[in-house]
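Peer 1:
Residue numbers (the working numbering): -12 to 165.
1) Flag this pair as yes or no: are the beta carbons of residue 100 and residue 140 separated by less than 8 Å?
2) Tell me whether residue 104 sits in a helix, a strand or coil according to DSSP, three-state version.
3) Assuming residue 125 contacts residue 50 under a Cβ cut-off of 8 Å, what Cβ separation, rounded to an integer in Å, is found between them?
4) Taking DSSP as the reference, what is the three-state secondary structure of residue 1?
5) Here's a check: name, in chain order, each residue in its chain whose Cβ is nearer than 6 Å to the Cβ of residue 81, leaving out the five neighbours to either side.
6) Starting from the Cα of residue 109, find the closest Cα among 148, 135, 163, 152 and give me that residue.
7) Return the first residue and the last residue of the beta strand (DSSP E) that residue 53 is part of.
8) Since residue 84 and residue 52 are thought to touch, with beta carbons under 8 Å apart, how far apart are those beta carbons, to the nearest angstrom?
9) Report, in whole angstroms, the separation of the C-beta atoms of residue 138 and residue 164, which I expect to be a contact under 8 Å.
10) Which complete alpha helix (DSSP H) runs does the region 106 to 151 hold, if anything under 4 residues is left out?
11) Please state whether DSSP places residue 161 in a helix, a strand or coil.
12) Does the beta-carbon distance from residue 143 to residue 136 come in below 8 Å?
13) Roughly how many whole angstroms lie between the Cα atoms of residue 128 and residue 59?
14) Count the other CB atoms, across all protein chains shown, that sit within 10 Å of the CB of residue 67; report buried if there are 16 or more and exposed otherwise.
15) Straight-line CA distance for residue 95 to residue 56?
16) How about residue 71 and residue 130: are their beta carbons less than 8 Å apart?
What follows is the structure, given as structure tokens:
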């Protein structure tokens, strides 16, 4: 019985090896390439892909509040369209503060900028005097540092003159000057 099993295994191995050699194969003798065809393939190798140059992104410096140390902290923000506007500066300052702050109007007249804040949000409402001062300083310093055509910052509320639990300014009272 062992001999028949061994014989059957040897027969299977022999048949499988012989059957592979009996398969027709593709004749590649007519596929000789000319030197010109070889050179053309070598010439079509892809050239190095040029990567776009890194743009030097300009930045401006604005202020935010370091809530741990309760002090102003300068930070740099990217300036993509190279146009520094009062709206861009105030948006960047507000985006980098923790509280919701809404500026309803920005007006520049005779080298003064009037910043009108929504009285339902910080810093006008629900802020300590220290935090309110820091937020107003962030806005004022950021505007004065980045706008050459502005010398004074005046804060107002949407209801008129700036009034909060901590401060009362006249309608045209200058908060900060250069």
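All C-beta atoms in this analysis are idealised placements derived from N, C-alpha and C, irrespective of residue type, glycine included.
Peer 2: In short:
1) Closer than 8 Å, so yes.
2) Correct three-state label for residue 104: strand.
3) The pair is a contact, with the Cβ atoms about 4 Å apart (cut-off 8 Å).
4) Assignment of residue 1 by DSSP, reduced to helix, strand and coil, places it in the helix class.
5) Cβ within range, chain order: 88.
6) Checked all of 148, 135, 163, 152; the closest Cα to residue 109 is 152.
7) Counted as a single uninterrupted DSSP element, the beta strand (DSSP E) harbouring residue 53 occupies residues 45 to 53.
8) 6 Å between Cβ atoms; contact.
9) So it is a contact: roughly 6 Å between Cβ atoms.
10) With a minimum length of 4 residues, the continuous alpha helix (DSSP H) runs that stay inside the region 106 to 151 are 116 to 133.
11) Here residue 161 sits in coil by DSSP.
12) No Cβ-Cβ contact shorter than 8 Å links residue 143 with residue 136.
13) When rounded, the distance between both Cα atoms is 10 Å.
14) Exposed: under 16 other Cβ atoms inside 10 Å.
15) Each residue's alpha carbon lies about 33 Å from the other.
16) With contacts defined as CB atoms closer than 8 Å, residue 71 and residue 130 fail to qualify as a contacting pair.
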